[in-house]
Ligand SMILES: Cc1ncc(COP(=O)(O)O)c(C=O)c1O
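Numbering (our numbering), first residue to last: 127 to 582.
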C-alpha cells in the first residue's frame with residue numbers, strides 16, 4: 127500500500143470479510159428473496175452468495191449496509207462519470223427537484239443538454255431523449271428501418287446492446303445454436319416475438335472478409351449496421367479500423383445507415399468514440415454518463431433523418447412517446463455532469479486509466495499468473511486468460527477449455543472486495559473523475575496480492 131492514509135481508511139471495515147452470512151447485506155438479501163425473484167431486479171448486480179447492499183456514496187467511496195467502506199471502480203457500469211454525490215450534480219438535482227421533476231410540457235434543461243451534446247459530438251446534429259441505453263438502441267434501430275424502408279439490421283456476434291429484442295439477437299449464442307463461424311446464425315433471445323431473428327444478420331467480429339460478404343449479400347434489404355466500437359462483453363475488445371471501414375464501405379454501397387452504440391463507448395473520446403475513430407455514423411445511441419447518474423438514453427445523428435422521422439410539425443413518421451423522456455431532473459443532472467466533464471477532466475481520467483492498466487500489467491508479471499489487460503481511457507478489463515480474446519466463440523471456447531478461469535475470477539473479485547475495491551465481477555474497472563493516483567495504486571496492490579493468493 128503506497129498511501130498510509132488510504133490504508134488506514136480502507137482497513138476501517140470492522141474486520142468484516144466477504145462473504146459473511148451474518149452480515150446485514152446477507153440478511154437484506156434473504157429478505158429480498160421473498161419479494162424479488164432470486165432477491166434481484168438487475169442481473170448484473172447479483173453475485174453469489176449474496177450481493178453487498180449499498181447505503182451511501184461520496185466521490186469514489188461507497189459504504190455498505192455493514193458500514194464497510196470501499197472504492198467504487200465500477201461506477202454503476204459507467205454512468206457515474208464523477209462518482210457519487212458530485213456537489214455540482216447534487217446541487218443541480220436539488221434545485222431542479224424543488225421546481226419540477228417531471229411534467230407533460232417541455233422544459234429548458236432539455237434544450238441545454240441537447241445543445242451540449244450537439245456542440246460536443248460532431249455526428250450528433252440533433253438529439254431525442256429517452257430513459258435508457260436499451261431504449262436508445264431500440265429507437266435508433268426503428269429509425270433506421272423506418273427511414274430506409276428496409277427490414278434488416280446487422281450486428282456483431284456476441285456484442286451487447288441492451289435488452290431490446292432486435293439488439294439482443296446473438297448476444298450470447300452457444301455452440302448448439304450459433305451455426306457456421308463464417309456465417310453466424312441469428313439466435314434470438316428467449317421470449318422474443320417469433321421472427322425477430324429473421325430481421326437481424328450477424329457478422330463475425332473483426333472478420334473483414336466474411337463481414338463484407340454477408341453485408342453485401344443482404345445489402346438491398348439492409349437498413350443499417352449496429353456497431354459498438356468497444357465490445358464490452360468481449361472484454362472491451364476494440365473493433366478494428368479495417369473492420370469499421372469495411373462496414374462503412376458496404377453500407378455506402380447499399381445505402382444502409384451506420385448506427386454507433388456509444389452508450390458505453392462515449393467514454394472513448396472527449397468528442398465521443400466516433401470522433402476518436404474518424405467515423406461519421408448516421409445515427410447514435412447514447413446513455414449512461416450523459417444523465418449525470420440518473421436514468422437516460424438518447425438517439426442522436428443526422429438532422430435530415432431525425433427531422434424526417436420525429437418532427438411533429440411535419441407529421442412525425444415514427445411515434446416516440448415516453449412519460450419520462452427528457453424529464454427535467456435527469457436533464458439537469460446530465461447537464462451538470464457533462465459540463466464538469468470537460469477536456470481537462472477527460473484527459474486526467476484517461477491518464478489514470480493508463481496508470482491502472484500499466485499497474486495491472488506489472489501485477490500480472492510480478493505474480494507470474496496468466497492474464498490480459500484490455501481497455502482504453504477510463505475503461506479497463508482484467509481477465510485471467512492466457513491470450514487475447516478474439517471474438518465471442520473464442521471466449522466461449524477458452525472458458526470451456528479452462529473452467530477454472532471463472533472460479534479464479536470470482537476469488538479475485540472477493541479478494542478485492544475484502545481489500546476495499548469494487549469492480550465488475552467479470553473483471554471490469556470503470557473509473558470516475560473522483561479517483562486519484564492513491565486509489566488506483568491501492569487497487570493495483572490489491573490485485574497483485576489477490577493474484578498471488580490464487581490457487582495454481
Ligand atoms: C453498449 C451498450 N448498449 C446499450 C446498453 C443498454 O443501456 P441501459 O442499461 O441503460 O439500458 C448497454 C448497457 O450496459 C451497453 O453497454
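All residues carry an ideal CB built from backbone N, CA and C; glycine is no exception.
When DSSP builds the beta bridges, which residues end up paired with residue 364?
-> Residue 364 is bridged to 356.
Endpoints, alpha helix (DSSP H) assigned at residue 433 = If you look at residue 433, you'll find it in the alpha helix (DSSP H) that goes 429–436.
List in chain order: all unbroken beta strand (DSSP E) runs of 3+ residues lying wholly within the segment 355–425.
-> Every beta strand (DSSP E) of 3 residues or more that sits fully in the segment 355–425 is shown, in chain order, as 383–387 and 409–413.
Curious, which full-length beta strand (DSSP E) runs of at least 3 residues does the segment 210–282 contain?
-> Runs found: 252–256 and 278–282.
Boundaries (first-last residue) of the beta strand (DSSP E) holding residue 182 | Here the beta strand (DSSP E) through residue 182 covers 180–184.
Using the rule of at least 16 other Cβ atoms within 10 Å of the residue's Cβ for burial, across every protein chain shown, is residue 115 buried or exposed?
-> Absent from the structure is residue 115, since the part of the chain shown begins at 127 and ends at 582.
Cβ neighbours of residue 243 in the same chain (closer than 8 Å, five flanking residues each side left out) | Here the set comprises 250, 253, 412, 416, 424, 426 and 464.
Reducing DSSP to helix, strand and coil, say where residue 529 ends up.
-> Residue state, collapsed to three classes: coil.
Three-state secondary structure (DSSP) of residue 554 = In the structure shown, residue 554 sits in a strand (DSSP, three-state: E or B).
Residue 326 and residue 369 look like a contact to me (Cβ under 8 Å); what is the Cβ gap, rounded to whole Å?
-> Actually they do not touch by this definition, with Cβ atoms about 18 Å apart.
Pull every residue with its beta-carbon under 5 Å away from any heavy atom of ligand 1, and keep them in chain order.
-> Proximity to ligand 1 was defined by a C-beta distance below 5 Å to any of its heavy atoms, and the residues meeting it, in sequence along the chain, are 258, 259, 260, 287, 288, 354, 387, 389, 390 and 413.
Confirm, please, whether the CB-CB distance from residue 510 to residue 495 is below 8 Å.
-> For the pair residue 495 and residue 510, the CB atoms are nearer than the 8 Å cut-off.
In angstroms, rounded to a whole number, what distance separates the CA positions of residue 567 and residue 482?
-> Rounded to whole angstroms, residue 567 to residue 482 spans 7 Å at the Cα level.
Report the rounded CA-to-CA distance for residue 562 versus residue 337, giving the unit in angstroms.
-> Across the structure, residue 562 and residue 337 are spaced so that their CA atoms are roughly 42 Å apart.
Burial state of residue 300, where buried means 16 or more other Cβ atoms lie within 10 Å = Under this definition residue 300 is an exposed residue.
List in chain order: all unbroken alpha helix (DSSP H) runs of 4+ residues lying wholly within the segment 437–482.
-> Correct list: 454–466.
Given 8 Å, three or more beta-carbon pairs between the segment 359–379 and the segment 516–531 | Touching, yes, given that three or more Cβ pairs across the two stretches are closer than 8 Å.
State the start and end residues of the unbroken alpha helix (DSSP H) segment that holds residue 511.
-> Counting along the chain, no alpha helix (DSSP H) covers residue 511, and no H or E run does either.
So the alpha helix (DSSP H) residue 328 belongs to, where does it begin and stop?
-> Under the DSSP assignment, residue 328 falls outside any alpha helix (DSSP H), being part of the beta strand (DSSP E) whose first and last residues are 326–329.
Tell me which same chain residues have a C-beta within less than 8 Å of the C-beta of residue 576, skipping the five on either side of it?
-> For residue 576, where only same-chain residues beyond five positions count, the Cβ hits under 8 Å are 537, 538, 541, 542 and 545.
Measure the C-alpha to C-alpha separation of residue 497 and residue 507 and round it to an integer number of angstroms.
-> Whole-angstrom Cα-Cα distance: 10 Å.
Does the pairing of the segment 210–219 with the segment 450–463 give three or more beta-carbon distances under 8 Å?
-> They touch, by the three-pair rule.
With DSSP run on the structure shown, which of helix, strand or coil describes residue 197?
-> Under the three-state reduction of DSSP, residue 197 is assigned to strand.
Nearest CA to the CA of residue 185: which residue from 410, 199, 211 and 503?
-> Closest by alpha carbon: 211.
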